[in-house]
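Asker:
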Amino acid sequence: MNLVRAAGPAFAIAWRASRVATAGAAALAVLASAVPAASAWLGKLLFDELAAGRDTGRIVLLAIGSAAGLAVTAAITAVASYCTALVRAKSAIEAEDRLVGAVGALPGLRRLEDPAFLDRVRLAEQGAQEAAPAVLGLTVDAVRTLIAVLGFGGAVVLVWPPMAGLLAASLAATAISQLTLSRLRTRETEAMMATQRQRFLFRSLCSDIRAAKEIRLFGLADLFRSRMVTAVRTATASECAMQRRIAVAGIAAAVVSAVVAGIALVVAATGAARGSLSIGDVTLFTAAVAGIQSPVSTLLNQLGRAGGSLGVFEHYLDVVTTGPDLVSGTAPVPPLTTGIELRDVWFRYDETGPWVLRGVDLVLPQGAAVGLVGVNGAGKSTLVKLLCRFYDPDRGRILWDGVDIRGYDPASLRARLGATFQDFTSYDLTAADNIGIGDVARLGDLDRIRAAARLAEIDPALSALPRGYETLLSRAFLDVDDKAGAALSGGQWQRVALARSLMRAEADLLILDEPSSGMDADAETRTHEALRAHRAGRTSVLISHRLSALRGADRIVVLGGGRVVEQGTHDELLTAGGEYARLFSLQAKGYAMVEA
Ligand SMILES: Nc1ncnc2c1ncn2[C@@H]1O[C@H](COP(=O)(O)OP(=O)(O)OP(=O)(O)O)[C@@H](O)[C@H]1O
1 MNLVRAAGPA FAIAWRASRV ATAGAAALAV LASAVPAASA WLGKLLFDEL
51 AAGRDTGRIV LLAIGSAAGL AVTAAITAVA SYCTALVRAK SAIEAEDRLV
101 GAVGALPGLR RLEDPAFLDR VRLAEQGAQE AAPAVLGLTV DAVRTLIAVL
151 GFGGAVVLVW PPMAGLLAAS LAATAISQLT LSRLRTRETE AMMATQRQRF
201 LFRSLCSDIR AAKEIRLFGL ADLFRSRMVT AVRTATASEC AMQRRIAVAG
251 IAAAVVSAVV AGIALVVAAT GAARGSLSIG DVTLFTAAVA GIQSPVSTLL
301 NQLGRAGGSL GVFEHYLDVV TTGPDLVSGT APVPPLTTGI ELRDVWFRYD
351 ETGPWVLRGV DLVLPQGAAV GLVGVNGAGK STLVKLLCRF YDPDRGRILW
401 DGVDIRGYDP ASLRARLGAT FQDFTSYDLT AADNIGIGDV ARLGDLDRIR
451 AAARLAEIDP ALSALPRGYE TLLSRAFLDV DDKAGAALSG GQWQRVALAR
501 SLMRAEADLL ILDEPSSGMD ADAETRTHEA LRAHRAGRTS VLISHRLSAL
551 RGADRIVVLG GGRVVEQGTH DELLTAGGEY ARLFSLQAKG YAMVEA
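Reading the sequence shown from the start, the letters are residues 1 to 596 in full-length UniProt numbering.
1. With a cut-off of 8 Å on the beta carbons, I'd call P332 and S412 a contact; round off their distance for me.
2. What alpha helix (DSSP H) runs, 4 residues minimum, are completely inside the segment 447-502?
3. Can you list every residue whose CB sits closer than 6 Å to some heavy atom of ligand 1, going in chain order?
4. Return the CA-CA distance between P334 and S309, expressed in angstroms with no decimal places.
5. With DSSP as the reference, label L542 as helix, strand or coil.
6. Where DSSP assigns a beta bridge to Y408, which residues make up the other side?
7. Tell me the residue span of the beta strand (DSSP E) that contains R358.
8. Mind checking whether T145 and L31 have CB atoms under 8 Å apart?
9. Can you check whether the CB of S204 is closer than 8 Å to the CB of K90?
10. With DSSP collapsed to three states, give me the class of T569.
11. Between the C-alpha atoms of L531 and R442, what's the straight-line distance to the nearest angstrom?
12. Below 6 Å CB to CB, which residues in the same chain sit around A596 once its five sequence neighbours on both sides are set aside?
13. Just the C-alpha distance for I458 and T471, rounded to the nearest angstrom, thanks.
14. Just the Cα atoms here: how many angstroms apart are L512 and T527?
15. Which of helix, strand or coil does DSSP assign to R416?
16. Let me know if residue 597 comes out buried or exposed under the rule of 16 or more other beta-carbons within 10 Å of its beta-carbon.
17. Evaluate contact between the segment 47-60 and the segment 110-117, counting only Cβ atoms and requiring at least three cross-stretch pairs below 8 Å.
18. Do three or more CB pairs link the segment 234-244 to the segment 215-223 at distances below 8 Å?
19. From the DSSP secondary-structure annotation, give me the bridge partner or partners of W346.
20. Return the chain-ordered list of same chain residues with a C-beta closer than 7 Å to the C-beta of A581, the five sequence neighbours on each side being excluded.
21. Assign D513 to one of three DSSP states: helix, strand, or coil.
22. Note down the Cα distance separating V248 from A235, rounded to an integer number of angstroms.
23. Give me whichever residues DSSP pairs with W400 in a beta bridge.
24. Which of the three DSSP states, helix, strand or coil, is assigned to M1?
25. Skipping 5 residues on each side, what residues in its chain have a beta carbon closer than 8 Å to that of A105?
26. Quick one: what's got a C-beta closer than 8 Å to I59's C-beta in the same chain, skipping five residues either side?
27. What is the DSSP secondary structure of A369, reduced to helix, strand or coil?
28. How is the beta strand (DSSP E) around L559 delimited, first residue to last?
29. Please report the straight-line C-alpha distance between G262 and A268, rounded to a whole angstrom.
30. Report the three-state DSSP secondary structure of T430 (helix, strand or coil).
31. What would DSSP say about V564, mapped onto helix, strand or coil?
32. In its own chain, which residues sit with a C-beta less than 6 Å from the C-beta of R395, not counting the 5 before and 5 after it?
33. Taking just the CA atoms, how far does L465 sit from R500?
34. Using a Cβ-Cβ cut-off of 7 Å (strictly less than) and excluding sequence neighbours within five positions of G24, which residues of its own chain qualify?
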């Protein structure tokens, strides 16, 4: 059962997060639960003394004792609540840390592209926050209930034994309804994930600055809003149906409890009228029925909630225990001496999808600058992703100096690469950090950062920012300090991304996927001149649709139909008159027409 599999790890999170607060919350809650029974017993003695009309001093003492019990319960409960809040806050940090760590440790990209896995991560976040406090609350309530049942149960059995059976029946009914509801809640949460995904997608689109221009220009706001509202309506209708079921179950449980309490009162009152029970017995008996019913129904309620939370927590356990999405060796990657070879590499993004690479054979000799060419969708970026080992080929092998890269530790492989991706990231960090994170070990090395920025032709622009390299490249804090941030243009961001990849000056392989697509003609020419000098004698792959940028490459490889269709130097390929020559002359013709 879910509850059993998940309860131990959930409690372990609370325990690891704070032993003192967890133990404190449990001990105090248990202590607080013992006081009402003692208080009720003092109440019984008080009423018996009153009925007998004995010693006033004793009556006062019993009254004070009974009242003090209430005050002590309230004080202990308040401290226990504080400890529980502490456990909740610390467990959330502990669980989130493990969750983010587990997702970040996945070596490949496949799981992160799987919507079902992403839903699971979202559910895991929810489960991570709720499960540990829920289990702690459940444990505390279970002990409390046990004490209350033992404390009050004796009184019930002594006064009228059949009452115990009646109580047990009413509690069993509540237990069944709560457990059914908890299962329903979990199933409901899981079933609504696709709708929720749609809802958040459209909601975030409506306020996303990157989409704002197109949304306004194409008048998409109403379309996206209505799609979001449809998703919200579906989710809300489902939530309302669930709440209706919860309400019906709650009414049924309340009716059963009231009937049982009513029977208890009738039994006690007729017993007292007949003289078989004292007034104290009556107060104790009625207090006992309420004293058992209340904690047991709280426990069952808690059981229902914990069941729901633990059901969701199962997703957390699945995510944090998920195995790596790439099977790898642990050996560190040695420096490249001969070259990298792709041997009959086949690849597709999913098992039923079309093949993107269909038997690529390619050698990237050590020290050679290789240019990669192909029409949109030819598979150039995919090939780069395989070189970085974000995925493994479905067939064939990629060899690093003759050794399959699957035998190496992926982190060690990536430490030997420098790369600018076509869809690079713009980080809300300072200019220095935006470049420095390209080599985390040199994050504070401003000389190195500036050298990389100079190579990418972005140093003057960054130096001129209000706080130079310490300026935050984000508008997130401009409301509190007008010098706190700065916005860069698309081409400037691209140069920052390029500088980031150049931080690893000693990289064994430098990959540049369209590093200058957003730059103006001047900047592009200068950047490619600088890169040409930088790439000389280094192993590099440059992808560019601007074929003139690849002219100086030691080898140009043309991808087509998922294979290498031709390769050679610029001159050799022009002479061959194949695909490259066709593309090159098309571009050259375009420039000639512009000049004419
Ligand atoms: N993450 C992905 N999941 C599924 N299919 C993908 C994914 N990324 C790319 N593809 C598909 O793989 C094919 C090759 O894409 P890729 O990005 O490698 O092409 P490319 O040669 O770099 O194109 P471009 O010149 O437009 O950048 C395309 O048909 C694309 O739809």
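Beta carbons are placed, not taken as given, at the ideal position from N, Cα and C, and that holds for glycine.
Answerer: With the given structure in hand:
1. 4 Å
2. 459-463, 490-502
3. E113, Y349, V356, G374, N376, G377, A378, G379, K380, S381, T382, Q422
4. One C-alpha to the other measures close to 47 Å.
5. In the structure shown, L542 sits in a strand (DSSP, three-state: E or B).
6. A331
7. 357-365
8. no
9. Taking 8 Å as the Cβ cut-off, K90 and S204 do not qualify as a contacting pair.
10. Reduced to three states, the DSSP call for T569 is coil.
11. So the alpha carbons of these two residues sit roughly 21 Å apart.
12. Low per-residue confidence applies at A596: pLDDT is 49, beneath 50, and the placement is therefore not dependable, though the value from the model is reported in the following sentence. Within the same chain, no Cβ atom closer than 6 Å to the Cβ of A596 is found once the five residues on either side in sequence are excluded.
13. 14 Å
14. 12 Å
15. When DSSP states are grouped into helix, strand and coil, R416 belongs to the coil group.
16. A query on residue 597 cannot be resolved here, the shown segment of the chain reaching from 1 to 596 and no further.
17. no
18. no
19. R358, R395
20. L573, L574
21. strand
22. Taking the straight line from one Cα to the other gives about 20 Å.
23. I340, V403
24. The pLDDT assigned to M1 is 46, lower than 50, so where the model puts this residue is not dependable; a value taken from the coordinates is nonetheless given after this. When DSSP states are grouped into helix, strand and coil, M1 belongs to the coil group.
25. P324
26. L46, E49, L50
27. Note: A369 maps to strand in three-state DSSP.
28. Element bounds for L559: 555-560.
29. 10 Å
30. strand
31. strand
32. W346
33. 18 Å
34. C83
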